[in-house]
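J.: My questions all concern the structure below.
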């Protein structure tokens with residue numbers, strides 16, 4: 112008897128996912144049309160299951176391996192295509208996506224590849240990192256308010272001895288961070304292009320440092336979070352004080368018994384989402400640094416994970432061709448509901464006492 116295919120199966124390995132207004136965007140592929148798995152970006156209406164895309168952009172032999180939506184509802188996307196960083200526009204009414212500009216942004220001698228691209232909070236800067244280990248900073252050009260016309264290189268920072276896995280820029284565009292498999296997180300000042308701190312993490316004194324697979328400033332820039340993992344051992348979420356001169360450590364928590372590979376923060380910075388190599392979606396309260404959910408969702412490593420804009424769901428994709436949508440209810444929200452319930456019951460008790468009296 113044939114095994115039933117998952118309703119969340121989109122028929123090709125998936126690498127990127129994002130939400131914009133009334134749409135869910137998914138990128139994936141496996142070599143192009145010649146291999147029967149087109150490299151594409153598909154745009155679906157934001158309703159489950161994801162069916163009948165309203166737009167599909169074919170990248171031929173190139174793969175859109177990662178992308179991020181612009182902030183504050185701006186109708187643009189930045190993504191990594193092979194050795195390029197690229198900007199796309201998205202029509203919020205039709206869902207149509209068009210490429211605006213692309214720049215070669217990784218120059219690794221053997222296998223140049225951009226691995227991560229991100230917007231600044233004000234959408235005025237784009238940063239990228241790749242296999243070369245250099246963090247690049249771009250100025251976003253606007254033809255008119257809210258109308259992006261392209262971007263241009265302004266800074267080159269680094270270099271890591273291995274590829275960059277994640278990057279982030281703080282809220283006032285003064286600091287950037289890059290995480291790498293070379294077991295360091297490096298913080299740079301944009302103004303004078305200096306590396307002011309190199310962060311590392313090990314499980315104990317005398318033990319080998321772990322590789323970093325994620326690094327993000329909190330939305331208010333008070334904290335820096337990083338995902339550290341070993342080849343076979345546990346994964347950890349680390350929290351540093353981004354306002355202290357030395358980035359003093361605040362807390363560390365184990366998040367999974369095996370390696371992890373994807374990381375995101377909710378838009379308010381209250382929760383973290385982590386994707387693991389064995390397909391688990393892990394949710395962490397970023398304030399208390401406690402895991403409140405861990406659930407097996409995919410059969411293969413999670414390639415990308417993100418929150419929807421209001422933080423109520425966690426979306427994940429995998430090389431197993433599937434996407435998953437996980438409802439997110441943090442400990443803080445559960446606690447809030449409990450307090451409201453107690454207050455309601457207390458109010459009923461008081462009213463009953465007054466009425467009886």
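Numbering (the numbering used here), first residue to last: 112 to 468.
Ideal Cβ placement from N, Cα and C applies to all residues, glycine included.
1. Under 9 angstroms between the Cβ atoms of residue 365 and residue 347?
2. Suppose the cutoff is 6 angstroms on Cβ atoms and the five residues either side in sequence are ignored; what does the same chain contact list for residue 254 look like?
3. Would DSSP call residue 243 helix, strand or coil?
4. For residue 347, which beta-bridge partners are listed by DSSP?
5. Output the distance between the C-alpha atoms of residue 376 and residue 142, rounded to the nearest integer angstrom.
6. Go through its chain and collect everything with a Cβ distance to residue 209's Cβ below 6 angstroms, but skip five positions before and after it.
7. Give the straight-line distance between the Cα atoms of residue 433 and residue 303, rounded to the nearest whole angstrom.
8. Which runs of the alpha helix (DSSP H) at least 4 residues long sit entirely within the region 200–266? Give them in chain order.
9. With a Cβ-Cβ cutoff of 9 angstroms, do residue 413 and residue 387 count as a contact?
10. Counting only runs of 3+ residues fully inside the region 123–202, write out the beta strand (DSSP E) ranges in chain order.
11. Whole beta strand (DSSP E) runs in the region 363–415 with 3 or more residues, listed along the chain?
12. Give me the Cβ distance between residue 173 and residue 129, rounded to the nearest whole Å; I'm assuming they're in contact under 8 angstroms.
13. Going by DSSP in three states, residue 419 sits in which element: helix, strand or coil?
14. What are the boundary residues of the beta strand (DSSP E) that residue 435 is part of?
15. May I ask you to verify whether the region 271–279 touches the region 242–250, counting CB pairs closer than 8 angstroms and requiring at least 3?
16. Going by the beta-carbon positions, is the gap between residue 249 and residue 226 smaller than 9 angstroms?
17. Between the Cα of residue 381 and the Cα atoms of 345, 406, 415, 329, which residue gives the shortest distance?
18. Do residue 175 and residue 151 have their C-beta atoms closer together than 9 angstroms?
19. For residue 360, which residues from the same chain have a beta carbon less than 6 angstroms from its beta carbon, with the 5 sequence-adjacent residues on both sides left out?
20. Quick check: what's the CA-CA separation for residue 191 versus residue 405?
21. Applying the 10 Å Cβ sphere with the 16-neighbour rule, what's the burial state of residue 523?
22. Report yes or no: do three or more beta-carbon pairs, one from the region 391–408 and one from the region 417–432, lie closer than 8 angstroms?
23. Classify residue 309: buried if its beta carbon has 16 or more other beta carbons within 10 angstroms, exposed otherwise.
24. Taking just the CA atoms, how far does residue 401 sit from residue 283?
25. Just the C-alpha distance for residue 155 and residue 223, rounded to the nearest angstrom, thanks.
T.: Taking the coordinates as given:
1. Mapped onto the chain shown, residue 365 falls at position 254. Mapped onto the chain shown, residue 347 falls at position 236. Contact: yes.
2. If you number the chain shown from 1, residue 254 lands on position 143. Answer for residue 254: 260, listed in chain order.
3. Working through the chain shown from its first residue, we reach residue 243 at position 132. Residue 243: coil per DSSP, three-state reduction.
4. Taking the chain shown and counting its residues from 1, one reaches residue 347 at position 236. Its beta-bridge partners are 339, 365.
5. Numbered from its first residue, the chain shown carries residue 376 at position 265. Numbered from its first residue, the chain shown carries residue 142 at position 31. For residue 376 and residue 142, the distance between alpha carbons rounds to 31 angstroms.
6. As a first step, residue 209 is located in the chain shown; it is residue number 98 there, counting from the start. Excluding sequence neighbours, residue 209 sits near 200.
7. In the chain shown, residue 433 corresponds to position 322, counting from 1. In the chain shown, residue 303 corresponds to position 192, counting from 1. Between residue 433 and residue 303, the C-alpha separation is close to 44 angstroms.
8. Listed in chain order, the alpha helix (DSSP H) elements of length 4 or more contained wholly in the region 200–266 amount to none.
9. Along the chain shown, one-based indexing puts residue 413 at 302. Along the chain shown, one-based indexing puts residue 387 at 276. Yes, the pair counts as a contact, with Cβ atoms nearer than the cut-off.
10. 125–131, 134–139, 151–156, 166–169, 175–180, 187–192, 195–201
11. 371–376, 382–387, 391–396, 401–407
12. Position 62 of the chain shown, counting from 1, holds the residue named residue 173. Position 18 of the chain shown, counting from 1, holds the residue named residue 129. Rounded, the Cβ-Cβ distance is 18 angstroms, inconsistent with contact.
13. Your numbering for residue 419 matches position 308 in the chain shown. It is coil, neither helix nor strand.
14. In the chain shown, the residue the question calls residue 435 occupies position 324. Its beta strand (DSSP E) spans residues 434–438.
15. Segments in contact, yes.
16. As a working note, residue 249 is residue 138 in the chain shown. As a working note, residue 226 is residue 115 in the chain shown. Not a contact, by the Cβ cut-off of 9 angstroms.
17. As a working note, residue 381 is residue 270 in the chain shown. Of the candidates 345, 406, 415, 329, the one whose C-alpha sits nearest the C-alpha of residue 381 is 329.
18. Here residue 175 refers to the residue found at position 64 of the chain shown. Here residue 151 refers to the residue found at position 40 of the chain shown. The answer is yes: Cβ separation under 9 angstroms.
19. As a position in the chain shown, residue 360 is number 249, starting the count at 1. If we look at residue 360 and ignore the five residues flanking it on each side, its Cβ neighbours are 351.
20. Position 80 of the chain shown, counted from the start, is the residue given in the question as residue 191. Position 294 of the chain shown, counted from the start, is the residue given in the question as residue 405. Using only the alpha carbons, I get a separation of about 29 angstroms.
21. Here the chain covers residues 112 to 468 and nothing more, so residue 523 does not appear.
22. yes
23. Position 198 of the chain shown, counting from 1, holds the residue named residue 309. Classification of residue 309: exposed, given that the 10 Å Cβ count is below 16.
24. Your numbering for residue 283 matches position 172 in the chain shown. Your numbering for residue 401 matches position 290 in the chain shown. Those two C-alpha atoms are separated by around 28 angstroms.
25. Numbered from 1 along the chain shown, position 44 holds the residue referred to as residue 155. Numbered from 1 along the chain shown, position 112 holds the residue referred to as residue 223. Approximately 31 angstroms, taken between the alpha carbons.
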